[in-house]
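Below is one structure, written out as structure tokens; comments come after it.
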Amino acid sequence: MSTLRADLHVHTRHSKVNHTLPFLRSRDCYSRPADVYRVAKARGMDLVAFTDHDSIDGALEFLDARPDARDIIVGEEIS
């Protein structure tokens with residue numbers, strides 16, 4: 891049996907405002923999906939789950955550019 895490494899919770903620039911400190915109007919991430927993916931893969935991840943706040947646009951942007959990608963999980967963190 892082989893083991894897969896996966897980052898199951900990453901955000902991209904498509905995440906909405908961080909709800910921990912909403913008065914700051916900050917986001918969890920300002921990076922492009924391709925950059926988030928590149929870093930995850932460089933850190934040894936076999937799978938990457940884009941889980942932006944209230945959006946799947948980060949995963950869709952990545953898959954538009956890389957429709958052949960088979961190591962992406964489309965997720966969403968619902969506020």
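Just so you know, we're using the numbering used here here: the sequence shown kicks off at 891 and counts up by one.
Virtual Cβ for every residue (Gly too), placed ideally from N, Cα, C.
(request) From the DSSP output, in three-state form, read off Ala959 for me. (result) Indexing the sequence shown from 1 puts residue 959 at position 69. In the structure shown, Ala959 sits in coil (DSSP, three-state: anything other than H, G, I, E or B).
(request) Report buried or exposed for Ser905, applying the criterion of at least 16 other Cβ atoms within 10 angstroms of its Cβ. (result) Residue numbering aside, residue 905 sits at position 15 when the sequence shown is read from its first letter. Buried, because 16 or more other Cβ atoms sit within 10 Å of the Cβ of Ser905.
(message) Within a Cβ cutoff of 6 Å, which residues of the same chain sit near Ser945, ignoring the five residues on either side of it in sequence?
(response) Residue 945 sits at position 55 when you count from the first residue of the sequence shown. Cβ neighbours of Ser945 within its own chain (closer than 6 Å, five residues either side excluded): His904.
(message) With distance defined between alpha-carbon atoms, name the residue in Met891, Ala896, Ser892 nearest to Asp961.
(response) Along the sequence shown, read from residue 1 onward, the residue named residue 961 stands at position 71. Closest in C-alpha terms to Asp961, from the list Met891, Ala896, Ser892, comes Ala896.
(message) Per DSSP, what are the beta-bridge partners of Phe940 in this structure?
(response) As a working note, residue 940 is residue 50 in the sequence shown. Val900, Val964, per the DSSP bridge assignment.
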